[in-house]
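Taking it in order: structure first as structure tokens, then the write-up.
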């Protein structure tokens, strides 16, 4: 069975060793041209390793527009479309900014989907000793997830006369992103299943990192945006399958025209 993703990756490689040896390079690139613009950009970034700033910005813009158009709408009595937003959506930050950050974060996670610990192999160790990650209680915040910075104001006092005033600033722990858990790196001298991805080779889900990329609190992300993040990843998977079907159809048509 023909792997069109691998064939397209070889055809799009500009400095590959097998680029000149591929006889149907023009045919493959011509078939890819029949896919939509976002699908072509996805294949160039993921399979062609063509990760450029202009391509990422264009793909983020197109995907953000698709995410906005996929939201439910209701038609009012005057014929205008109104977005169905929940109360938590209206009280949060501007939706345009959040959807732009959502599109960029989903694209980054979809393109870079290999486990960073095992590099997508599913195993660690062996001849080359590799570093493994182990989740432990954060030593900076002692598992609280927040840091409290106190400042004494010596020339201020409470209304009843006691003092001095204490100014406290609460912020999320930068070491654990507010989760209370930190990653400890250890070296594995022998081969074993990757503890991060459990042998799947895919990038593990980090909800705290997702919330940080979206600029939202972790609780808000889990309550409102986690389902939308997963739905956006599913949209990219469906678009990837659609581009693959387009490639198969164009190769079949080319084979019928040139027997």
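Residue numbers (this note's numbering): 18 to 276.
Where is the CB? At the ideal position from N, CA and C, for every residue including glycine.
Since the model is a prediction, treat every value here as computed from it, not as a measurement.
Pairing residue 262 with residue 30, the inter-Cα distance amounts to about 21 Å. Segment contact: the segment 217-236 against the segment 123-135, three or more CB-CB distances shorter than 8 Å; contact assigned.
At least 8 Å separates the beta-carbon of residue 58 from that of residue 71. Residues of the same chain with a CB within less than 7 Å of the CB of residue 190, apart from the 5 flanking positions on each side, are 155, 157, 158, 162, 163 and 164 in chain order. Collapsing the DSSP output to three states places residue 30 in coil. In the assembly as shown, residue 214 is a buried residue. Its beta-carbon has 16 or more other beta-carbons within 10 Å. An exposed status is given to residue 251, since fewer than 16 other beta-carbon atoms sit within 10 Å of its beta-carbon. In the three-state reduction of the DSSP assignment, residue 83 falls in the helix class, which pools H, G and I. When DSSP reads this structure, residue 141 sits in a beta bridge with 209.
In the three-state DSSP reduction, residue 235 falls in the helix class (H, G or I). Ranking 239, 195, 238 and 52 by CA distance to the CA of residue 258 puts 52 first.
Cβ-Cβ distances below 7 Å link residue 118 to 230, 231 and 232 in the same chain, with the five nearest sequence neighbours on each side left out; the list follows chain order.
For the pair residue 114 and residue 183, the Cα-to-Cα distance works out to about 36 Å.
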